[in-house]
Amino acid sequence: MSYRIKCIVSYDGCRFSGYQRQIKERTVQAEIEKALKIIHKYPITIHSAGRTDAFVHALGQVFHFDTELDIKNQNWKRAINSILPKDIYIKEVEIVTEDFHARFSAKRKEYRYYISLDEYNPIRSGYVCFINRTIDVNKMKQALKLFEGTHDFTSFSSGQHVNKNKVRTIYETQINVKDKELEFVFIGNGFLRYQIRIMMGTIIEIGLGKKDIDVINYLFGHKDRAKARYTAEPQGLYLCKVDY
Numbered sequence: 010m011s012y013r014i015k016c017i018v019s020y021d022g023c024r025f026s027g028y029q030r031q032i033k034e035r036t037v038q039a040e041i042e043k044a045l046k047i048i049h050k051y052p053i054t055i056h057s058a059g060r061t062d063a064f065v066h067a068l069g070q071v072f073h074f075d076t077e078l079d080i081k082n083q084n085w086k087r088a089i090n091s092i093l094p095k096d097i098y099i100k101e102v103e104i105v106t107e108d109f110h111a112r113f114s115a116k117r118k119e120y121r122y123y124i125s126l127d128e129y130n131p132i133r134s135g136y137v138c139f140i141n142r143t144i145d146v147n148k149m150k151q152a153l154k155l156f157e158g159t160h161d162f163t164s165f166s167s168g169q170h171v172n173k174n175k176v177r178t179i180y181e182t183q184i185n186v187k188d189k190e191l192e193f194v195f196i197g198n199g200f201l202r203y204q205i206r207i208m209m210g211t212i213i214e215i216g217l218g219k220k221d222i223d224v225i226n227y228l229f230g231h232k233d234r235a236k237a238r239y240t241a242e243p244q245g246l247y248l249c250k251v252d253y
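Here is the structure:
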């Protein structure tokens, strides 16, 4: 009998070359599959809700795999975590139906991006984007709201993205101000490669007075990636939650 196992995983992206398995590179997928191979004694392939880039973190990434082993949820969690390195942690394990797919069954994804307006701190440098300059938070709030709704995000995606359909829906955005830290929240039905980092790059430039808010509608209309040149640093980005 085969079982489909759904896992929620968190990881510190600082020491990974991204999520997806790569030859001769340390990746999140490779480390998890290595642990599962030790448990099964044969290779296991996992399927994730999405792929995060190098230095991007996750609090609620989701993946699934199929197995013939009959193991209780808590025992799966304990077994995998006992093998994984300390910068990856399985938070939850659940047996799901065979029609569940971590990527294709996903309805909503939530990402957060963190900016520190404080003096540079090397201890936190892998976890926030530091901008120790005067920045207009109100303009950033206005810019952020323009991304809500259904749009063609060609200008805000990697030219290497293989999916020709660049239309995505962002259901909700928020900006939370906590002392000298800004938290940006993006909730949508899916995101293109680099999309949030490119949107954040534009928002940051608007906050610094380098661009006007009108540039966002211009970029939506002209679908010109070259006009949205600045891509925000990866270490401020977190995949927080995937809803099904």
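Under our numbering, residues 10 to 253 are what the sequence shown spells out, in order. We put the beta carbon where it would ideally sit given N, CA and C, even for glycine. Computed from a predicted structure; not experimentally measured.
For the beta strand (DSSP E) that contains Thr159, what are its first and last residues?
Taking the sequence shown and counting its residues from 1, one reaches residue 159 at position 150. Going by DSSP, Thr159 is part of the beta strand (DSSP E) stretching over 158 to 161.
My assumption, with CB atoms under 8 Å, is that Leu126 sits in contact with Ile140. Please give the rounded CB distance.
The residue you call residue 126 lines up with position 117 of the sequence shown. The residue you call residue 140 lines up with position 131 of the sequence shown. Yes, Leu126 and Ile140 are in contact; Cβ-Cβ is about 6 Å, under 8 Å.
Among Val251, Ile41, Ile212, the one whose alpha carbon lies nearest that of Ile97
Within the sequence shown, residue 97 is the residue found at index 88, counting from 1. The shortest Cα separation from Ile97 among Val251, Ile41, Ile212 belongs to Ile41.
Nearest to Val186 (by Cα), restricted to the options Pro243, Tyr122, Cys249:
The count along the sequence shown starts at 1 and reaches residue 186 at position 177. Comparing alpha carbon positions, the residue from Pro243, Tyr122, Cys249 closest to Val186 is Tyr122.
Below 6 Å CB to CB, which residues in the same chain sit around Lys86 once its five sequence neighbours on both sides are set aside?
Here residue 86 corresponds to residue number 77 of the sequence shown, with the count starting at 1. Hits under 6 Å: Ile99, Val102.
How would you label Gly168, buried or exposed, when you count the other beta carbons within 10 angstroms and need 16 or more for buried?
Here residue 168 is taken as the residue at index 159 of the sequence shown, counted from 1. It counts as exposed.
Bridge-paired residues (DSSP) for Tyr247:
Within the sequence shown, the letter at position 238 stands for residue 247. Note: Tyr247 sits in a beta bridge opposite His66, Arg121.
Are the region 187 to 201 and the region 114 to 121 touching by the rule of at least three beta carbon pairs closer than 8 Å?
With a cut-off of 8 Å, the region 114 to 121 and the region 187 to 201 count as touching, because enough Cβ pairs lie within range.
Phe25, buried or exposed, once every other Cβ within 10 Å from all chains shown has been counted against 16
Taking the sequence shown and counting its residues from 1, one reaches residue 25 at position 16. Buried, by the Cβ-count rule.
Leaving aside the five residues before and after Gln151 along the sequence, list all residues of the same chain whose C-beta is less than 7 Å from its C-beta, in chain order.
For the purposes of this step, residue 151 is identified with residue 142 of the sequence shown, where counting begins at 1. Within the same chain, Gln151 has close Cβ partners Ile222.
Nearest to Phe74 (by Cα), restricted to the options Glu242, Phe64, His56, Asn84
Translated into the one-based positions of the sequence shown, residue 74 becomes position 65. Phe74 has its Cα closest to that of His56, out of Glu242, Phe64, His56, Asn84.
Is the CB-CB distance between Met149 and Ile212 below 8 Å?
Numbered from 1 along the sequence shown, position 140 holds the residue referred to as residue 149. Numbered from 1 along the sequence shown, position 203 holds the residue referred to as residue 212. Contact flag set, yes.
For Arg13, which three-state DSSP category applies?
Mapped onto the sequence shown, residue 13 falls at position 4. In the structure shown, Arg13 sits in a strand (DSSP, three-state: E or B).
Start-to-end residues for the beta strand (DSSP E) that takes in Tyr180
Indexing the sequence shown from 1 puts residue 180 at position 171. For Tyr180, the enclosing beta strand (DSSP E) covers residues 176 to 187.
Any C-beta of chain D sitting closer than 8 Å to the C-beta of Ser19?
Given the protein chain composition of this structure (a single chain), no chain D is represented.
Less than 8 Å between the C-beta atoms of Ile53 and Thr36, yes or no?
In the sequence shown, counting from the first residue as 1, residue 53 sits at position 44. In the sequence shown, counting from the first residue as 1, residue 36 sits at position 27. Against a cut-off of 8 Å, the Cβ pair of Thr36 and Ile53 comes out as no contact.
Given a cut-off of 8 Å, decide if Ser164 and Ala241 are closer than it, judged by their beta-carbon atoms.
The sequence position of residue 241 within the sequence shown is 232, counting from 1. The sequence position of residue 164 within the sequence shown is 155, counting from 1. No, they are not a contact pair.
My parser needs the alpha helix (DSSP H) runs of 4 or more residues fully inside the region 74 to 146; what are they?
82 to 92
Does the beta-carbon of Tyr28, which I'm using as the reference point, lie nearer than 7 Å to any heavy atom of the ligand SAM?
No copy of the ligand SAM occurs in the structure displayed, which carries no ligand at all.
Between the alpha carbons of Glu190 and Phe109, how many angstroms are there, rounded?
Mapped onto the sequence shown, residue 190 falls at position 181. Mapped onto the sequence shown, residue 109 falls at position 100. Cα to Cα, the separation comes out at about 37 Å.
Since Ile212 is in the alpha helix (DSSP H), which residue starts that stretch and which ends it?
As a working mapping, residue 212 is identified with position 203 in the sequence shown. Per DSSP, Ile212 belongs to the alpha helix (DSSP H) from 204 to 216.
Ile196 in three-state terms, based on DSSP:
As a first step, residue 196 must be located in the sequence shown, where it is residue number 187. The answer is strand: DSSP assigns Ile196 an E or B state.
What residues match up with Tyr20 in a beta bridge as DSSP calls it?
The residue labelled residue 20 in the question sits at position 11 within the sequence shown. According to the DSSP secondary-structure assignment, Tyr20 is paired through a beta bridge with Ala67, Ile97.
Which word fits Val146, buried or exposed, when buried means at least 16 other C-beta atoms lie within 10 angstroms of its C-beta?
Translated into positions along the sequence shown, residue 146 becomes position 137. By the 10 Å Cβ count, Val146 comes out exposed.
Collapsed DSSP secondary structure at Phe25 in the structure displayed:
Here residue 25 corresponds to residue number 16 of the sequence shown, with the count starting at 1. Assigned with DSSP and collapsed to three states, Phe25 falls in coil, not helix or strand.
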